[in-house]
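Shown next, in structure tokens, is the structure this report addresses.
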Amino acid sequence: MKTITDFPDDPKYTIKAVAAQTGIRPVTLRAWERRHEVLTPHRSDNRYRLYSDRDVAILRWLKKRIDEGVSISNAISELRSMTRNGVWPEAVPTMPAVERVRPDTAPEVYADQLYKALIKHDEARSGEIVKEVLAGYDIMTVCTQIFGPALVEIGEAWYRGDIRITTEHFASSYLRGKLLTLLQSYPSRRGAPHLLIGGAPTEQHEIGALMMAVLLRSEGYRVEYLGPDIPLDDLVDYARYEKPNMIILSASMESAALELRRMQEKVNRLRPTPLFGYGGSAFNYKPQLRKQIAGIFLGETLDQAVEKVGELLSHSRKVSSRSSVAETV
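Heads up: the sequence shown runs through residues 1 to 329, numbered per UniProt numbering.
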């Protein structure tokens, strides 16, 4: 059986190719490199990351340990402990039968099919589509290119008067249920950074915040999803004894966004002080709202927000680590 060190170390794969070989999304891989310095990829002349066969073997081994329930930080510590003693783990064999097979149907086609099934209240067909896309695509693609566009089209159909409000509510409730099931299917790792996620006061739309919770829990964070329309004082009281690393609130309407104007001031009273991030369609449709809300705007899309959270938490942990060292000197 080959060990990881038996693989050549010459750089040749782009991050996209590595993602396809390992099942680890590029945003996750970049986060691992920032937070844990798991790999130091070569940089090509155009500054693209390039990875070797050995890098791919390391990532496959780490993913296997994570799938077995080990946190990424513990898996990396385990690998480093072995290699310091001159021992490399056995390489994880490639198993094509287990790897995700991308379907022939494009995400936008699935989004349209899901839209049509939902407006017919066809729960059986909707379930078949959801099952297919979860088997064929990563969770980011499912949320941003299938579920999200289907819901946008449903909202626009209701606005045009093409469907009843009962149909819009059915579709939203159906996908909300699927997302909650997905959220609960990912483990909540107690040693991971702790995030509280929900909707701003008066915010009744929760799908965006719920998708964010699913995506961040899939990245290994300990995520508590608190639902829509959260009173700020109650949230801050809860955070006082839960001591989260970050609080994230979403707003789709201007009125809900403006409810967040004093949130950073409230968060600043907590010790330790968590990060406060916000996002949602209100801040995309009316970017000037971002100037009225103290805190960190996480980006206009879910993938931008997930990456931004990773960067913020990585930087925060480094600062905390340096502060701890300084206090002991």
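Glycine included, each C-beta is placed from N, C-alpha and C at the ideal position.
Got a sec, what are the start and stop residues for the alpha helix (DSSP H) residue i sits in?
{"i": "L180", "result": "I165 to S185"}
{"i": "residue 331", "result": "No answer is possible for residue 331: it lies beyond the span of the chain, which begins at 1 and ends at 329."}
{"i": "L59", "result": "D53 to D67"}
{"i": "G127", "result": "E123 to G136"}
{"i": "residue 330", "result": "Past the edges of the chain, shown from 1 to 329, lies residue 330, and the structure says nothing about it."}
{"i": "S255", "result": "E254 to L258"}
{"i": "P228", "result": "Element bounds for P228: n/a, residue is neither H nor E."}
{"i": "Q288", "result": "Per DSSP, Q288 belongs to no alpha helix (DSSP H) and is neither H nor E."}
{"i": "residue 356", "result": "Only positions 1 to 329 of the chain appear in the structure, and residue 356 is not among them; the question remains open."}
{"i": "residue 331", "result": "Absent from the model: residue 331. The displayed extent of the chain is 1 to 329, so no value can be given."}
Could you pull the start and end residues of the beta strand (DSSP E) that residue i belongs to?
{"i": "R222", "result": "R222 to Y225"}
{"i": "I146", "result": "That residue, I146, is in no beta strand (DSSP E); it is neither H nor E in DSSP."}
{"i": "Y278", "result": "L275 to G279"}
For residue i, tell me which candidate among the options has the shortest Cα-Cα distance.
{"i": "K178", "options": "I129, L226, Y159 and W158", "result": "I129"}
{"i": "L134", "options": "R125, T40, I146 and A124", "result": "I146"}
{"i": "N245", "options": "R271, D104 and V27", "result": "R271"}
{"i": "S255", "options": "P26, Y225, V267 and G199", "result": "G199"}
{"i": "Y225", "options": "T202, I197 and W158", "result": "I197"}
{"i": "L183", "options": "D162, L210, R160 and W158", "result": "L210"}
{"i": "G69", "options": "R261, S218 and S126", "result": "S218"}
{"i": "V18", "options": "R49, A150 and I165", "result": "R49"}
{"i": "F170", "options": "I230, H42, H121 and E108", "result": "H121"}
{"i": "G295", "options": "E156, I247, E307 and S52", "result": "I247"}
{"i": "A117", "options": "E168, V92 and G136", "result": "E168"}
{"i": "K308", "options": "R34, L180 and R261", "result": "R34"}
{"i": "D6", "options": "E90, A305, A213 and T273", "result": "E90"}
{"i": "Y115", "options": "E265, Y174 and H315", "result": "Y174"}
{"i": "I293", "options": "A257, G227, P187 and D237", "result": "A257"}
{"i": "G148", "options": "V306, L180 and P107", "result": "P107"}
{"i": "R290", "options": "A305, P274, L260 and V306", "result": "L260"}
Around the Cβ of residue i, are there at least 16 other Cβ atoms within 10 angstroms (buried) or fewer (exposed)?
{"i": "D55", "result": "buried"}
{"i": "M82", "result": "exposed"}
{"i": "L313", "result": "buried"}
{"i": "D9", "result": "exposed"}
{"i": "P96", "result": "The predicted position of P96 is uncertain, since its pLDDT is 41 and thus under 50; a value taken from the coordinates is nonetheless stated next. Under this definition P96 is an exposed residue."}
{"i": "V87", "result": "exposed"}
{"i": "I58", "result": "buried"}
{"i": "H205", "result": "buried"}
{"i": "G279", "result": "buried"}
{"i": "E311", "result": "exposed"}
{"i": "A75", "result": "buried"}
{"i": "T301", "result": "exposed"}
{"i": "T3", "result": "exposed"}
{"i": "H194", "result": "buried"}
{"i": "R100", "result": "Caution applies to R100, whose pLDDT of 48 falls short of 50 and renders its modelled position unreliable; the model cannot decide the point."}
{"i": "R189", "result": "buried"}
{"i": "A111", "result": "buried"}
{"i": "I165", "result": "exposed"}
{"i": "Y51", "result": "buried"}
{"i": "V98", "result": "With a pLDDT of only 38 at V98, under the threshold of 50, the placement of this residue in the model should not be trusted; the figure read from the coordinates follows. So V98 ends up on the exposed side."}
{"i": "T28", "result": "buried"}
{"i": "G127", "result": "exposed"}
{"i": "R25", "result": "buried"}
{"i": "Y137", "result": "buried"}
{"i": "A31", "result": "buried"}
{"i": "E203", "result": "buried"}
Provide the residue(s) that pair with residue i in DSSP beta bridges, ordered along the chain.
{"i": "L50", "result": "H42"}
{"i": "L249", "result": "G198 and Y278"}
{"i": "T3", "result": "E90"}
{"i": "residue 336", "result": "There is no way to answer for residue 336, as the model of the chain reaches only from 1 to 329."}
Note to self: List, from N- to C-terminal side, the beta strand (DSSP E) runs of 3 residues or more that fit wholly inside the segment 6-38.
What the structure shows: The segment 6-38 is shown to contain no whole beta strand (DSSP E) run of 3 or more residues.
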